[in-house]
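First up is the structure itself, then whatever we jot down about it.
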Amino acid sequence: MNTKLKDLIQETYKSGATEVAVVATNDIIIDDNLADRCREPRCMNYGLSKSCPPHVSGPSAFRKQLEKYSQAVFFKIDVPSKVLYSSESREVFQLLHEIASGIEKSAIKSGFAGARAYAGGSCKNIFCHDHPECLALSEKGKCRNPQYARPSMSGFGINVAELFKTAGWPFGRAANNSDSDSTQMANVCGLVLIC
Ligand code: SF4
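Quick note on our numbering: the sequence shown kicks off at 1 and runs consecutively.
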């Protein structure tokens, strides 16, 4: 692995990721059915931002795009389930998008000019929940948060469960163990394509 990539991994950890892996883009499985689930059953954020379906290019375009890349930085943040399913979850997703966009910027700076970041969750809910509409979508202006907001992986059909398998991480809830004090954990994750 080259030094620039190693530096990016270190930076991802320092930014707050629990685990980081470099995955081959051949191991990124795109599933149309996963992208379809944004529409049916309908996600509450469907259609509300420029970064979510039906306003993103979707699985076929993403498959085509992947042909230009050979590797990606995949990372996760472990969070207690009770936090992820509470009013504090927005801060977790903000951190997720900040890490993804930060790694994208650093990758570009270090010479990976085509770096492109994706993260979990809808930027409408994460960054623009106080606004009636997505400014970029309304065409009255530009995105309010271009420095942080990144497209949701779901809208491209990125199979996150398979990525966890490839990275060798348990997917979904896990117990942060100690016999007497076990905390149920969940995770959020992001992906930065590198080339
Ligand atoms: S304006 Fe808000 S909702 Fe629209 S793309 Fe930007 S962050 Fe997302």
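Quick reminder that beta carbons are idealized off the backbone N, C-alpha and C, glycines included.
Fair warning: this is a prediction, and the values are worked out from it, not measured in the lab.
Would you kindly work out how many angstroms separate the C-alpha atoms of residue i and residue j, rounded to a whole number?
i: residue 152; j: residue 182; result: 31 Å
i: residue 67; j: residue 33; result: 21 Å
i: residue 137; j: residue 49; result: 6 Å
i: residue 45; j: residue 120; result: 12 Å
i: residue 194; j: residue 95; result: 20 Å
i: residue 192; j: residue 113; result: 12 Å
i: residue 154; j: residue 38; result: 7 Å
i: residue 216; j: residue 98; result: The structure shown does not extend to residue 216, since the chain spans only 1 to 195, so no value can be given for it.
i: residue 36; j: residue 157; result: 8 Å
i: residue 40; j: residue 103; result: 32 Å
i: residue 184; j: residue 139; result: 42 Å
i: residue 58; j: residue 161; result: 18 Å
i: residue 111; j: residue 25; result: 19 Å
i: residue 171; j: residue 164; result: 6 Å
i: residue 61; j: residue 146; result: 22 Å
From which residue to which residue does the beta strand (DSSP E) around residue i run?
i: residue 133; result: Premise fails: residue 133 is in no beta strand (DSSP E) and is neither H nor E.
i: residue 184; result: 183–194
i: residue 19; result: 19–24
What first and last residue would you give for the alpha helix (DSSP H) that runs through residue i?
i: residue 15; result: 3–15
i: residue 27; result: Element bounds for residue 27: n/a, residue is neither H nor E.
i: residue 165; result: 160–167
Could you check whether the Cβ of residue i sits closer than 8 Å to any Cβ belonging to chain C?
i: residue 92; result: In summary, chain C is missing from the structure at hand, where a single protein chain is found.
In chain order, which alpha helix (DSSP H) runs of at least 4 residues are fully inside the segment 43–128?
58–66, 81–84, 89–109 and 123–127
Are the segment 12–27 and the segment 68–76 in contact at 8 Å, needing three or more beta carbon pairs?
yes
Is the segment 8–17 touching the segment 52–64 in the sense that three or more CB pairs, one from each, lie closer than 8 Å?
Contact fails: fewer than three Cβ-Cβ distances are below 8 Å.
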